[in-house]
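K.L.:
Below is one structure. I have some questions about it.
Residue numbers (the working numbering), protein chains in the order written: chain A, 1 to 114; chain B, 115 to 224.
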């Protein structure tokens, strides 16, 4: 059972470049989300989805786009990368919407924007 | 504005001691309070969680104390071990958002 899989694990981008961080889960979870982790800031919610075709903004959505065409996949897009987006990105999924179920996290993607 | 405030930022404890991490919140709509543990290079993993209608929950050496009136909750790690050295995050859930604190880096020395 793979759980939540994020690719790539590491990425270096130049300012202004675009890229997509991939996230896939094989647990048939309805809920998926993206967080960024920065020193001293904890984990901050970027975007989340309660099911295929439904997405919503979290605490820090600016500069990021998401879509949810299938239950399994929830890609995060950076259209024009900025140095402020240098961070470690985590994707998480959980069973049920509006329920107190455990969120499972991927291993993270370390992104550096130069 | 940090919706969930966590302290301390770092904590050093001797093996066998008690580690205490505190969190506070303002939003009374939060209805579920989990703690996550993260080891270097890994994603966070659920450690223990509590609902606001319960004042304390214990799982092995880990205990959550919850004070609804003060809007505070804390994690106690009894008999701390070097293997407990990690970053700990408190969190709070409302509707479909899981909001995290800023994290506490715990180091347990032999």
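A virtual CB, placed ideally from N, CA and C, is assigned to each residue, including glycine.
Below 8 Å on the Cβ atoms is my contact criterion, and I expect residue 58 of chain A with residue 89 of chain A to pass it. Report the Cβ-Cβ distance as a whole number of Å.
P.N.:
12 Å between Cβ atoms; not a contact.
K.L.:
Is there a Cβ from chain C that is less than 7 Å from the Cβ of residue 107 of chain A?
P.N.:
Structure shown: chain C not included; protein chains present are A and B.
K.L.:
Cα separation between residue 8 of chain A and residue 183 of chain B?
P.N.:
Cα-Cα distance, rounded: 44 Å.
K.L.:
Would residue 130 of chain B be called buried (16 or more neighbouring beta carbons within 10 Å of its own) or exposed?
P.N.:
Exposed is the call here.
K.L.:
On the criterion of 16 or more Cβ atoms from any shown chain inside 10 Å, does residue 191 of chain B qualify as buried, or is it exposed?
P.N.:
Its Cβ being crowded by 16 or more others within 10 Å, residue 191 of chain B is buried.
K.L.:
How many Å lie between residue 200 of chain B and residue 33 of chain A at the Cα?
P.N.:
Answer to the nearest angstrom: the Cα atoms are 23 Å apart.
K.L.:
Find the residues of chain B that neighbour residue 41 of chain A, judging by a C-beta separation of less than 7 Å, and give them in chain order.
P.N.:
Correct list: 216.
K.L.:
Less than 8 Å between C-beta atoms, sequence neighbours within five positions excluded: which residues of the same chain meet that for residue 70 of chain A?
P.N.:
Excluding positions up to five away in sequence, the list reads 52.
K.L.:
Output needed for residue 196 of chain B: all residues of its chain with C-beta closer than 8 Å, excluding positions within five of it in sequence on either side, in chain order.
P.N.:
Closer than 8 Å at Cβ, skipping near neighbours: 129, 222, 223 and 224.
K.L.:
What residue range is occupied by the uninterrupted beta strand (DSSP E) comprising residue 31 of chain A?
P.N.:
Run containing residue 31 of chain A: 31-38, per the beta strand (DSSP E) assignment.
K.L.:
For residue 50 of chain A, which residues from the same chain have a beta carbon less than 7 Å from its beta carbon, with the 5 sequence-adjacent residues on both sides left out?
P.N.:
Correct list, in chain order: 30, 31 and 97.
K.L.:
Around the C-beta of residue 12 of chain A, are 16 or more other C-beta atoms found within 10 angstroms, so that it is buried, or is it exposed?
P.N.:
With fewer than 16 Cβ atoms within 10 Å of its Cβ, residue 12 of chain A is classed as exposed.
K.L.:
What residues match up with residue 19 of chain A in a beta bridge as DSSP calls it?
P.N.:
DSSP output for residue 19 of chain A lists A:78 as bridge partner(s).
K.L.:
Please identify the residue among A:83, A:19 and A:42 whose C-alpha is closest to the C-alpha of residue 123 of chain B.
P.N.:
The shortest Cα separation from residue 123 of chain B among A:83, A:19 and A:42 belongs to A:42.
K.L.:
Tell me which residues share the same chain as residue 101 of chain A and place their Cβ nearer than 6 Å to its Cβ, disregarding the 5 neighbours each side in the sequence.
P.N.:
Result list for residue 101 of chain A: 94 and 95, in chain order.
K.L.:
For residue 76 of chain A, count neighbouring C-beta atoms within 10 Å of its own C-beta (all shown protein chains included) and say buried if the count is 16 or more, exposed if not.
P.N.:
Result: buried.
K.L.:
With 7 Å as the limit, tell me which residues of the segment 76-99 of chain A have their beta carbon closer than that to any beta carbon of chain B; keep them in chain order.
P.N.:
Residues 90, 97 and 98.
K.L.:
Taking 6 Å as the cut-off, is the CB of residue 182 of chain B close to at least one heavy atom of the ligand SAH?
P.N.:
Only the bare structure without any ligand can be found here, which leaves the ligand SAH out of the picture.
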